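Enquirer: Residue numbers (the working numbering): 51 to 376. My structure is below; once you've seen it, I'll send some questions.
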Amino acid sequence: MNLTPFFETAVLALNRSKSAELGDRTRYIGSSDVSGCARKVYLQRKNPTTPSVSTLLKFSRGHIAETLIENIFDAGGVKHLYDTQVELRHPAYPLKAHVDFLFYADLDGTPELHVIEVKSVSGIPDQPYPQWEDQLAFQLGLLRLQYPEGKIGGSILAIDLNAGQVHQFNGYEYNDSIFNYLYCRALHMLDCLEEKDEARPSVSHLCAFCSYRTDCPAMNVPKVDLPPEIEALAGKYAELNGTKNRADKEMKSIRQELMDFTGPVFKGRSNTVDLLVSFVAPSQVVDSDQLKKQHPDIYSAVLKERAGYTKLECKPVNTPIKAATV
Ligand code: SF4
């Protein structure tokens with residue numbers, strides 16, 4: 051049985067059926083569009099492309115994560131507290147959001163509305179990406195329009211299925227000025243689709259997964275003739291950097307396997323290797339976001355200038371576009 055050609059069509063069919071749940075995306079601006087790049091949104095509507103099987107499989111990882119979280123909520127006995135894939139609409143314009151999980155009460159039953167946006171990742175970041183926060187802020191804004199009264203909050207649940215880790219970035223609330231900014235962005239995108247304004251690129255970590263990257267003006271670099279020895283050095287640097295990134299990735303997964311074996315504390319010496327795992331006690335750091343929010347005068351008084359530095363980047367030309375993390 052050869053599954054490869056079967057997969058190529060079946061994964062496409064799966065993606066089509068999952069996309070169908072979101073309706074015709076050419077007819078509205080969604081919360082993930084608002085937080086993204088206007089040029090990409092425009093081209094997705096005007097010149098749609100089919101992502102590779104690899105990209106589609108990674109998209110599916112997002113759906114799998116949502117199903118897993120749903121099963122966990124249900125096993126924990128809170129099925130009655132939430133709905134999934136709740137559609138929120140703006141009353142006047144074709145602006146929508148599909149909320150992964152909308153809780154109608156806290157886990158103790160106290161009434162409140164809480165949006166949970168699930169992100170399947172390969173490595174949980176220290177801070178949520180700005181695009182995640184904008185997506186959630188837009189959802190909270192549309193929710194506030196629908197429910198003008200009562201407590202509304204939200205969180206981003208990042209889950210790394212390979213590492214078996216989950217982290218909740220919590221404490222988001224409806225914010226009038228952020229929603230207003232995102233609402234204006236959404237209206238700008240509608241204008242772009244109606245050819246009334248120019249859809250400009252905006253660069254983010256998602257550019258790595260963009261199908262419209264090859265001719266994107268934000269990615270263009272001027273053509274130059276480099277001396278051969280400099281070109282060779284830059285190529286070598288790029289190659290070593292790739293090796294370093296691959297090694298980092300491999301070390302991360304080996305680390306997980308070793309820690310699965312040792313647990314959080316271990317000391318041992320085999321014939322060839324010392325294996326030591328120790329626990330570093332938690333420490334306290336100043337939460338600069340909270341400081342800025344709660345004590346802006348103190349925050350500005352303790353700011354100090356950080357010295358600039360020279361950044362060197364060497365990348366192989368025509369780097370294949372990596373598949374998306376959803
Ligand atoms: S490469 Fe980045 S900036 Fe360019 S269209 Fe794609 S997402 Fe936008």
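All residues carry an ideal CB built from backbone N, CA and C; glycine is no exception. Since the model is a prediction, treat every value here as computed from it, not as a measurement.
Name the residue from Ser-338, Leu-341 and Met-309 whose alpha carbon lies nearest to the alpha carbon of Leu-326.
Expert: For the purposes of this step, residue 326 is taken as residue 276 along the sequence shown, with counting starting at 1. Selected option, being the one with the closest Cα: Met-309.
Enquirer: Does DSSP put Ala-189 in a helix, a strand or coil?
Expert: Here residue 189 refers to the residue found at position 139 of the sequence shown. The sequence given here has Gln at residue 189, not Ala. The answer is helix: DSSP assigns Gln-189 an H, G or I state.
Enquirer: Can you grab the Cα-Cα spacing for the pair Ile-390 / Lys-343, in whole Å?
Expert: This structure cannot settle anything about residue 390, because the visible part of the chain is limited to 51 through 376.
Enquirer: Compute every distance between the C-beta of Ser-85 and the non-hydrogen atoms of ligand 1, then say whether any falls below 7 Å.
Expert: Taking the sequence shown and counting its residues from 1, one reaches residue 85 at position 35. No, since every heavy atom of ligand 1 falls outside the 7 Å radius drawn around the Cβ of Ser-85.
Enquirer: Could you tell me if the beta carbon of Cys-257 falls within a distance shorter than 7 Å of some heavy atom in ligand 1?
Expert: For the purposes of this step, residue 257 is identified with residue 207 of the sequence shown, where counting begins at 1. Within the cutoff, so yes.
Enquirer: Return the chain-ordered list of same chain residues with a C-beta closer than 8 Å to the C-beta of Glu-248, the five sequence neighbours on each side being excluded.
Expert: As a first step, residue 248 is located in the sequence shown; it is residue number 198 there, counting from the start. If we look at Glu-248 and ignore the five residues flanking it on each side, its Cβ neighbours are Cys-242.
Enquirer: Does the segment 115-132 come within contact of the segment 150-166, defined as at least 3 CB pairs closer than 8 Å?
Expert: With the cut-off at 8 Å, the segment 115-132 and the segment 150-166 touch.
Enquirer: In its own chain, which residues sit with a C-beta less than 7 Å from the C-beta of Thr-312, not counting the 5 before and 5 after it?
Expert: Counting from one through the sequence shown, the residue named residue 312 turns up at place 262. For Thr-312, where only same-chain residues beyond five positions count, the Cβ hits under 7 Å are Leu-325 and Val-327.
Enquirer: Can Glu-183 and Gly-203 be called in contact, C-beta distance under 8 Å?
Expert: Residue numbering aside, residue 183 sits at position 133 when the sequence shown is read from its first letter. Residue numbering aside, residue 203 sits at position 153 when the sequence shown is read from its first letter. Cβ atoms of Glu-183 and Gly-203: not closer than 8 Å.
Enquirer: Compute the distance between the beta-carbons of Pro-251 and Ala-268, then report whether it is under 8 Å.
Expert: Here the question's residue 251 lines up with position 201 in the sequence shown. Here the question's residue 268 lines up with position 218 in the sequence shown. For Pro-251 and Ala-268, yes; Cβs fall inside 8 Å.
Enquirer: Tell me which residue opens and which closes the beta strand (DSSP E) that Pro-55 is part of.
Expert: Within the sequence shown, residue 55 is the residue found at index 5, counting from 1. Where Pro-55 is concerned, there is no enclosing beta strand (DSSP E), although the alpha helix (DSSP H) it sits in stretches over 53-70.
Enquirer: When the Cα atoms are used, what is the spatial distance from Ala-147 to Lys-169?
Expert: Translated into the one-based positions of the sequence shown, residue 147 becomes position 97. Translated into the one-based positions of the sequence shown, residue 169 becomes position 119. C-alpha separation (whole angstroms): 15 Å.
Enquirer: Can we count Met-269 as close to ligand 1, meaning its CB is less than 7 Å from some heavy atom?
Expert: To locate residue 269, count along the sequence shown from 1; it is residue 219. Answer for Met-269: yes, Cβ within range of ligand 1.
Enquirer: Going along the chain, which residues of its own chain have a beta-carbon closer than 7 Å to the beta-carbon of Pro-370, five neighbours each way excluded?
Expert: On the sequence shown, position 320 is the one that residue 370 refers to. At Pro-370, the pLDDT of 42 sits below 50, so the modelled position is not reliable and the matter cannot be decided from this model.
Enquirer: Between the alpha carbons of Leu-276 and Asn-295, how many angstroms are there, rounded?
Expert: Numbered from 1 along the sequence shown, position 226 holds the residue referred to as residue 276. Numbered from 1 along the sequence shown, position 245 holds the residue referred to as residue 295. When rounded, the distance between both Cα atoms is 26 Å.
Enquirer: If you count every other CB in all the chains shown that lies within 10 Å of the CB of His-345, and 16 or more means buried, which is it?
Expert: Stepping through the sequence shown from its first residue, residue 345 is reached at position 295. Exposed: under 16 other Cβ atoms inside 10 Å.
Enquirer: At which residues does the beta strand (DSSP E) containing Leu-308 begin and terminate?
Expert: The count along the sequence shown starts at 1 and reaches residue 308 at position 258. From DSSP, Leu-308 is part of no beta strand (DSSP E) but of the alpha helix (DSSP H) over 278-312.
Enquirer: Run the CB neighbour count on Ile-209, radius 10 Å, all protein chains shown included, and call it buried at 16 or more, exposed below.
Expert: Translated into the one-based positions of the sequence shown, residue 209 becomes position 159. Per the 10 Å Cβ criterion, buried.
Enquirer: Apart from the five residues just before and just after Ser-261, which ones in its own chain have a Cβ nearer than 6 Å to its Cβ?
Expert: Numbered from 1 along the sequence shown, position 211 holds the residue referred to as residue 261. Cβ neighbours of Ser-261 beyond the five flanking positions: Thr-99.
Enquirer: Residue range of the alpha helix (DSSP H) that Pro-346 falls in?
Expert: Here residue 346 refers to the residue found at position 296 of the sequence shown. Start and end: 346-352.
Enquirer: Can you name the residues that DSSP bridges to Gly-203?
Expert: Within the sequence shown, the letter at position 153 stands for residue 203. His-164 and Glu-223.
Enquirer: Using the three-state DSSP reduction, which class does Pro-147 fall into: helix, strand or coil?
Expert: Locating residue 147 in the sequence shown gives position 97, where the first residue counts as 1. The amino acid occupying residue 147 in the given sequence is Ala; Pro does not appear at that position. Strand, per DSSP.
Enquirer: If you run the structure through DSSP and keep just helix, strand and coil, what is Val-376?
Expert: The sequence position of residue 376 within the sequence shown is 326, counting from 1. At Val-376, the pLDDT of 34 sits below 50, so the modelled position is not reliable; the number obtained from the coordinates is stated separately. Note: Val-376 maps to coil in three-state DSSP.
Enquirer: What I want to know is whether the C-beta of Val-253 ends up closer than 7 Å to one or more non-hydrogen atoms of ligand 1.
Expert: For the purposes of this step, residue 253 is taken as the residue at position 203 of the sequence shown. Val-253: yes, Cβ under 7 Å from ligand 1.
Enquirer: Label Met-239 either buried or exposed according to how many other C-beta atoms from any shown protein chain fall within 10 Å of its C-beta, with 16 as the threshold for buried.
Expert: The residue given as residue 239 occupies position 189 in the sequence shown. The residue in question, Met-239, is buried, as its Cβ has 16 or more Cβ neighbours within 10 Å.
Enquirer: Could you check what DSSP says for Glu-248 in three-state terms: helix, strand or coil?
Expert: The residue labelled residue 248 in the question sits at position 198 within the sequence shown. Of the three classes helix, strand and coil, the one that applies to Glu-248 here is coil, per DSSP.
Enquirer: Using 7 Å as the cut-off, classify the Cβ of Cys-242 as near or not near the heavy atoms of ligand 1, replying yes or no.
Expert: On the sequence shown, residue 242 is found 192 positions in, with the first residue counted as 1. No.
Enquirer: Under 7 Å from any heavy atom of ligand 1, does the C-beta of Tyr-179 make it?
Expert: Against the sequence shown, residue 179 aligns to sequence position 129. The answer is no for Tyr-179.
Enquirer: Pull up the distance between the alpha-carbon of Glu-167 and that of Val-84, whole angstroms please.
Expert: Taking the first residue of the sequence shown as 1, we reach residue 167 at position 117. Taking the first residue of the sequence shown as 1, we reach residue 84 at position 34. About 15 Å.
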